[in-house]
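Below is one structure, written out as structure tokens; the observations come after it.
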Amino acid sequence: MSDMKKENLNNTKYDIPPELQGQVSITTLDKIYNWGRKASVWPMMFGLACCAIEMICAAASRYDTARFGMEIMRPSPRQTDLMIVSGTVTKKMLPTIVRLYNQMPEPKYVLAMGACASGGGPFKEGYNVVSGVDKYLPVDVYIPGCPPTPQAMLHGMITLQRKIEAEHFPDSRWYSKGSLEAVPIPVLGPDIMDPRQFELIKEQSLARLAEQEENASQVDSVEQKA
Amino acid sequence: MTEQVLAPSSELLTRFPEVVTADTRKSYEGYLVDRARLVEVATYARDQLGYDYLSSVTGVDYMPDGLMEVVYHLYKTTGGPGLVLKTQTPRENAEVPSLVSVYPGADFQERETWDLLGIRFEGHPDLRRILLWEGFDGYPLRKDWKEAYYEEDGKPFKSRWPDAHVHRAEDKNPYQKNNSYPAGFNPETYTPEGDAALYASLNRTKAVYEAKAGDMDSDLIVVNMGPQHPSTHGVFRFVVALDGETIVGLKPVVGYLHRNHEKIGERNTFLMNMPYTDRLDYLSSLSNNFGYALAVEKLMGIKPPERAEYLRVIMAEFTRISNHLFAIGSFLNDLGAMFTPMLYALVERELILDIFEAVTGSRMMCNYFRFGGVARDLPEGIYEKMRELAFERLPKQIDEIDHFLSNNEIVRSRAQGVGILTPEQAIAFSAAGPMLRGSGVPYDVRRADPYSIYERFDFEVAVRYHGDVYDRFMIRIDEIRQSIRILQQALRDIPQGSIQEGKPQYQVRVPAGEAYGRVEGPKGELGFYVISNGKPNPWRYHVRAPSFINLTAYEMMCTGNKIADTVAILGSIDIVLGETDR
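Residue numbers (my numbering), protein chains in the order written: chain A, 126 to 351; chain B, 56 to 637.
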């Protein structure tokens, strides 16, 4: 980060008295805070499918995410600030994923790794597959690939670091007044149900029922005529 | 195991006239059994004919005939070809007797058939949905069941090809998601069924234990592990009932990665399924390719040329090594040796993945096999790399891993004598691969029913006799050594020549019929049951997934052990959720 170089730190619009130059640095709170945060991302140890294997490879010796300050993986959502959705999100798994996301402390980020997490991938049409985790959770970075190579994974994480670096206190949703609302947890019914869509589901399925009844009565009348 | 002279299976016809008839449909094999006497016939096949190993159970929906069929593939653990039994039932209120009493390994497979096809198994002790959840609307593998993004019965969809219209499936759905609900459904008054059936099942096991324990005043604790747990190798979940720290009941819950392989597979054309098989057991994609290619080649009646056969064996054995390295690493992770052994194992695995990437174009999802051959020949310089690995590096590294891990005090005390599976149990529960051989049953499909060119190679079937976690760990090291032996011979003998029988083509013509292709995958016997009706898409596409079926014995192996051992036992089974849930 070029802004954090020593020369730049001392080269601000504020006048630093000559006796303090070289000892006192002036920067913005955003910069120093984000700089600290970006190199200490703790991802959740959370593998869904094939991509999880590449995530493990990225953390292992050849690719080594530790070089970028994100090697500490924690299985508990309470200790993490990054959820790597590494694989196909299924309807059966979705309530758990949303619950895990809600349990993560803020600020929190979601990284959709691979085609499945980003948009359903090859399994998009499947009856038990959620076509993209962004239908339910806010995603920060998408990594393409099936599965993405460890290099792509590293690139995705560096992209996330850039995003963190560019954050600005007054605009971040974590630091505004009031706590963030939890994402409503989907319910497993005849199909997965998003609580935000209950009204729509009711409306649509009643409309379908009416349509079916109408068709049935038409068939009846045709039969009667015959 | 009976050591008698085994009668030919046509004995079934004479022994059970009228009940058993030969399946005379064109290119079909096996026998049709009247469902009323299925249990009797199966018992006879097991006890008198020696078909003691139930490989696969699956259902087929013959909608045009108004029939459901359940197909059983039986084998002998002494080797040789199999016996296929089929039983039919009407589609409405489909019901056949359960074979769990004869073959306990049918347990999960019958539950899966009930879950996906809606065939009820009369007499099954615990018939619940397994891959989907209780309350799911319908039975998705029935031919008249349509998913929310349904377009047509078979690909390529007319909307996409040949005119190449691009549209998002989301835009056609009112919810912008691939959801659909029954007509008249009201989510506000709906109560989800949740895990009630699961806990009812666990309570039955608890009640049996409590009755045995007498009136001792102790409460059982129920613990949930997963689906988000670092030691469950993905999204596997199980619920245990504990007396103190001792396990008295355990119910695995799978399906958190159910990606609808079979439904999508029946919409795809035959070749389109090849990359999907990569994603079954994503640690050993080339073995999966192998099994599927064998099944379809059986139907097509073709054989790959010599060089392709050698390439297939070489790639499959490299896959086995890389899979076992990963299995050993993650098993040590589970025991608490967090990540150091894994790092060493992954170094070697990366070298093998480099070869895969160079030859097939991808590290993990290789998509390398084609019907009647393989996709590409070796690029320049790779043959030398393979030789270097197989002759120099891998043997040394395996010795090192063996040296540092096998005699380790902690590994021994955590693993020896834990999670014992006797040979009789292993066969009865249809355990496969390292689980079966770790229990003293020398059964390896490469030897028992040789496919491809495996009968040419000199190797031993690795077998160990204690049936505990330690033996299942050691058997993987043994198998890596045997794989290296096969690799050395294959690399020495590989001929020059063509790698594809006939012209490579996207749309293969597969004659009508059925075929069951099975290979010895790293996790165990991997089978593909494919039915073609002459159309571009398979009518039925079923995967006999060893990870899934190996879990059938998991409850029995854990019962009586301590809670901390569940993780070690699970690690020794070596499941991959992509294959367990499909």
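We put the beta carbon where it would ideally sit given N, CA and C, even for glycine.
Values in this document were obtained by computation on a predicted structure and should not be read as measured data.
| Query | Result |
| --- | --- |
| Same chain, Cβ closer than 8 Å to D155/A, neighbours up to 5 away in sequence not counted | E292, H293 and F294 |
| Beta-carbon proximity list for K590/B, same chain, < 8 Å, skipping 5 on both sides | G209 |
| Residues near E634/B by beta carbon distance below 6 Å, same chain, minus five either side | L335, D336, A600 and S602 |
| Simplified DSSP state of K358/B, which is helix, strand or coil | coil |
| Close-in-space but distant-in-sequence residues of the same chain around G269/B (CB under 6 Å, 5 per side omitted) | none |
| V254/A: contacting residues in chain B (beta-carbon distance under 8 Å) | N233, R314 and N315 |
| Residue range of the alpha helix (DSSP H) that includes V524/B | V524 to D548 |
| Beta-carbon neighbours of Q283/B, restricted to chain A and to distances below 7 Å | F171, T221 and L225 |
| Chain B within 9 Å of A213/A, Cβ atoms only | Here residue 213/A turns out to be Thr, not Ala, going by the sequence shown. It does: the Cβ of T213/A has a partner Cβ on chain B nearer than 9 Å. |
| Close beta carbons around A21/B, own chain, < 7 Å, minus the five adjacent residues each side | Outside the displayed span of chain B (56 to 637) sits residue 21/B, for which this structure offers no information. |
| Identity of the residue in Q555/B, V631/B and A255/B nearest R431/B by Cα | Q555/B |
| Reduced DSSP secondary structure (H/G/I, E/B, other) of Q276/A | helix |
| Within chain B, partners of G86/A - CB distance below 8 Å | Any property of residue 86/A remains undetermined from this structure, which presents chain A solely from 126 to 351. |
| Below-9 Å beta-carbon distance, V622/B vs any chain A residue | no |
| Residue of W594/B, N616/B and L625/B minimising C-alpha distance to T607/B | L625/B |
| D316/A at chain B interface by Cβ criterion, 9 Å | yes |
| Per-residue DSSP class, three states only, for G428/B | strand |
| For Q560/B, three-class secondary structure by DSSP | coil |
| Distance, N323/B Cα to R333/A Cα | 29 Å |
| CB contact check: W2/B to chain A, cutoff 9 Å | This structure leaves residue 2/B out entirely; chain B is present only between 56 and 637. |
| Euclidean distance between Cα positions of R80/B and T144/B | 17 Å |
| Bounding residues of the alpha helix (DSSP H) (the contiguous stretch that carries L109/B) | Element bounds for L109/B: not the alpha helix (DSSP H) but the beta strand (DSSP E), Y108 to Y117. |
| E403/B at chain A interface by Cβ criterion, 9 Å | no |
| CB contact check: I618/B to chain A, cutoff 9 Å | no |
| Nearest-angstrom Cβ-Cβ length linking V290/B and L312/B, presumed shorter than 8 Å | 5 Å |
| Buried versus exposed call for M118/B [16 or more other C-beta atoms within 10 Å across all chains shown] | exposed |
| Member of E321/B, A350/B, Q283/B and S256/B whose CA lies at the smallest distance from the CA of A296/B | S256/B |
| Classification of E321/B by the beta-carbon crowding that lies within 10 angstroms, buried from 16 upward | buried |
| Cβ of D636/B within 9 Å of any chain A Cβ | yes |
| Inter-residue Cα distance where the pair is S243/A and S256/A | 8 Å |
| Nearest candidate by alpha-carbon position, reference Y188/A, set H280/A, A174/A and S165/A | H280/A |
| 7 Å CB neighbourhood of F345/B in its chain, flanking five on each side removed | R367, A371, F424 and V574 |
| C-alpha distance - A277/A paired with C182/A, whole-angstrom precision | 12 Å |
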